[in-house]
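This report concerns only the one structure given below.
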Amino acid sequence: MSKNKKAYGNNSIDISRKNDILSSMELIDVFKALSNETRLNILKWLKEPEKHFPKQGAHIPKEENFDGGVCVGDIQEKAKVSQSTVSHYLNIMQKAGLLESVRYGQWTYYRRNESFIRAVIEFMEIEI
Numbered sequence: 001m002s003k004n005k006k007a008y009g010n011n012s013i014d015i016s017r018k019n020d021i022l023s024s025m026e027l028i029d030v031f032k033a034l035s036n037e038t039r040l041n042i043l044k045w046l047k048e049p050e051k052h053f054p055k056q057g058a059h060i061p062k063e064e065n066f067d068g069g070v071c072v073g074d075i076q077e078k079a080k081v082s083q084s085t086v087s088h089y090l091n092i093m094q095k096a097g098l099l100e101s102v103r104y105g106q107w108t109y110y111r112r113n114e115s116f117i118r119a120v121i122e123f124m125e126i127e128i
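Those letters in the sequence shown? Residues 1 to 128, per UniProt numbering, in order.
The structure is reproduced here in structure tokens:
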């Protein structure tokens, strides 16, 4: 990959063109998602899931690979908010690109979207 190309999700992008990294609306959605203390805490907790969520991955089949995934119920318990509230918060964060999820049976697991978070940080270092 050239020095101006960076991985972003499933694509590589030319970082010399800022609009390829993040649109203004995407960046605004990220800041909106992080403007709530509980949502910000969730993102921080998911940075070290093994520290904050000791039961992580309890319902994920062993043959599946979703490292760092944490069940909604565990996030809800730590955040001390209702299940509907935490689901709403996680949806906002996922739509902003900060989280990714996978569903196993009745359980949904979330983890940080590290490539997107790195792209946001890089964009801010370069452009702001």
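Ideal Cβ placement from N, Cα and C applies to all residues, glycine included.
Since this is a predicted model, take the numbers as computed values, not measurements.
- A direct Cα-to-Cα measurement between E125 and R118 gives close to 10 Å.
- Bounds of the alpha helix (DSSP H) holding L90 are 83-95.
- For T108, the CB contacts under 6 Å within the same chain, skipping 5 residues up- and downstream, are V72, S101 in chain order.
- S101: member of the beta strand (DSSP E) spanning 99-104, first to last residue.
- Here F53 is buried. Its C-beta has 16 or more other C-beta atoms within 10 Å.
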